[in-house]
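Visitor:
2 protein chains.
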Amino acid sequence: MIMLFTVQVKVMPLKDLLDPQGKAVLGGLQNLGLSSISDVRIGKHIDLQIEAAAKEAAFQMASNAAKKLLANPVMEVFEISIN
Amino acid sequence: MIMLFTVQVKVMPLKDLLDPQGKAVLGGLQNLGLSSISDVRIGKHIDLQIEAAAKEAAFQMASNAAKKLLANPVMEVFEISIN
Numbered sequence: 001m002i003m004l005f006t007v008q009v010k011v012m013p014l015k016d017l018l019d020p021q022g023k024a025v026l027g028g029l030q031n032l033g034l035s036s037i038s039d040v041r042i043g044k045h046i047d048l049q050i051e052a053a054a055k056e057a058a059f060q061m062a063s064n065a066a067k068k069l070l071a072n073p074v075m076e077v078f079e080i081s082i083n
Numbered sequence: 101m102i103m104l105f106t107v108q109v110k111v112m113p114l115k116d117l118l119d120p121q122g123k124a125v126l127g128g129l130q131n132l133g134l135s136s137i138s139d140v141r142i143g144k145h146i147d148l149q150i151e152a153a154a155k156e157a158a159f160q161m162a163s164n165a166a167k168k169l170l171a172n173p174v175m176e177v178f179e180i181s182i183n
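From first to last, the protein sequence lines stand for chains A and B. Just so you know, we're using our numbering here: the first sequence kicks off at 1 and counts up by one. Just so you know, we're using our numbering here: the second sequence kicks off at 101 and counts up by one.
Now the structure itself:
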């Protein structure tokens, strides 16, 4: 039986890499007076709807998608979760 | 005592709104042969480091940041989680 899985893929810039978008947002937040926020990192959140027979197959498919298209391994790490 | 909390903010395009970036990625995935992926929606994932005395205060601060800067309420919804 084919089921529909909602798979979440989180793609974040690598820890050791500068995140200029995050730094800009951090500056903006501090200008707004939210000075207790000390760091911001910004990545992508991707929701996939995947038709598969089992959770493992859906996970595999999402992992494939992340490796081939969604994440750039030189600059990003990804994390997959299925509820 | 002030502690450092890592707060995750997920910002996604509203359900009823067209997500052109997601549609483009869906097309790309199907061209790569991943045809069992039937829908893609792309939003932002933001990690905040917040200094606060309690989890509730950190949550409040993140909610403030999301409302004021991180999410555009006309086009996006946000979700906050603290582990």
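For glycine and all other residues, C-beta sits at the position ideal for the given N, C-alpha and C.
#1: Can you name the residues of chain A whose CB is closer than 8 Å to the CB of B/Ser136?
#2: Could you please tell me which residues of the region 64-77 of chain A, in chain order, have their CB closer than 8 Å to any CB of chain B?
#3: Among the residues of its own chain, which have a CB less than 7 Å from the CB of A/Ala54, if the five just before and after it don't count?
#4: Is A/Ala71 closer than 8 Å to A/Val11 when the C-beta atoms are compared?
#5: Quick one: residues in its chain with C-beta nearer than 6 Å to the C-beta of B/Leu148, no 5 flanking neighbours on either side, listed in chain order?
#6: With the cut-off set at 8 Å, would you say A/Arg41 and A/Pro13 are in Cβ contact?
#7: Measure the C-alpha to C-alpha separation of B/Gly122 and B/Asp139 and round it to an integer number of angstroms.
#8: Under a Cβ-count criterion, where at least 16 other Cβ atoms within 10 Å of its own Cβ denotes burial, should B/Ile102 be classed as buried or exposed?
#9: So which residues on chain B does A/Asp16 lean against when the C-beta distance must stay under 9 Å?
#10: Mapping DSSP to helix, strand and coil, what is A/Lys67?
#11: Is A/Gly27 buried or exposed, if buried means 16 or more other CB atoms sit within 10 Å of its CB?
#12: Are the beta-carbon atoms belonging to A/Ala66 and A/Val9 less than 8 Å from one another?
#13: Please report how far the alpha carbon of A/Leu4 lies from the alpha carbon of B/Asn131, in whole angstroms.
#14: Is the Cβ-Cβ distance between B/Leu169 and A/Leu69 less than 8 Å?
#15: So, with DSSP's three-state summary, where would you put A/Val25?
Guide: Concretely, from the data shown:
#1: As a working mapping, residue 136 of chain B is identified with position 36 in the second sequence. Within chain A, the residues near B/Ser136 are Ile50, Glu51, Ala52, Met61.
#2: So the list reads Asn64, Ala65, Lys68, Leu69, Leu70, given in the order they occur along the chain.
#3: Within the first sequence, residue 54 of chain A is the residue found at index 54, counting from 1. None.
#4: Sequence index remark: in the first sequence, residue 11 of chain A carries index 11 (1-based). Sequence index remark: in the first sequence, residue 71 of chain A carries index 71 (1-based). Against a cut-off of 8 Å, the Cβ pair of A/Ala71 and A/Val11 comes out as a contact.
#5: Position 48 of the second sequence, counted from the first residue, corresponds to residue 148 of chain B. Result list for B/Leu148: Val107, Ala162, in chain order.
#6: Residue 41 of chain A sits at position 41 when you count from the first residue of the first sequence. Residue 13 of chain A sits at position 13 when you count from the first residue of the first sequence. A contact, by the Cβ cut-off of 8 Å.
#7: To locate residue 122 of chain B, count along the second sequence from 1; it is residue 22. To locate residue 139 of chain B, count along the second sequence from 1; it is residue 39. Roughly 8 Å separates the two Cα atoms.
#8: If you number the second sequence from 1, residue 102 of chain B lands on position 2. Label assigned to B/Ile102: exposed.
#9: Your numbering for residue 16 of chain A matches position 16 in the first sequence. Here the premise fails: no neighbours, minimum Cβ distance about 15 Å.
#10: In the first sequence, the residue the question calls residue 67 of chain A occupies position 67. Here A/Lys67 sits in helix by DSSP.
#11: Taking the first residue of the first sequence as 1, we reach residue 27 of chain A at position 27. The residue in question, A/Gly27, is exposed, as its Cβ has fewer than 16 Cβ neighbours within 10 Å.
#12: Taking the first sequence and counting its residues from 1, the one referred to as residue 66 of chain A is at position 66. Taking the first sequence and counting its residues from 1, the one referred to as residue 9 of chain A is at position 9. Yes, these two residues count as a Cβ contact at 8 Å.
#13: Residue mapping note: residue 4 of chain A aligns to position 4 of the first sequence, counting from 1. Residue mapping note: residue 131 of chain B aligns to position 31 of the second sequence, counting from 1. Looking at the two C-alpha atoms, the distance is approximately 20 Å.
#14: Counting from one through the second sequence, the residue named residue 169 of chain B turns up at place 69. Counting from one through the first sequence, the residue named residue 69 of chain A turns up at place 69. Against a cut-off of 8 Å, the Cβ pair of A/Leu69 and B/Leu169 comes out as no contact.
#15: Locating residue 25 of chain A in the first sequence gives position 25, where the first residue counts as 1. Three-state result, A/Val25: helix.
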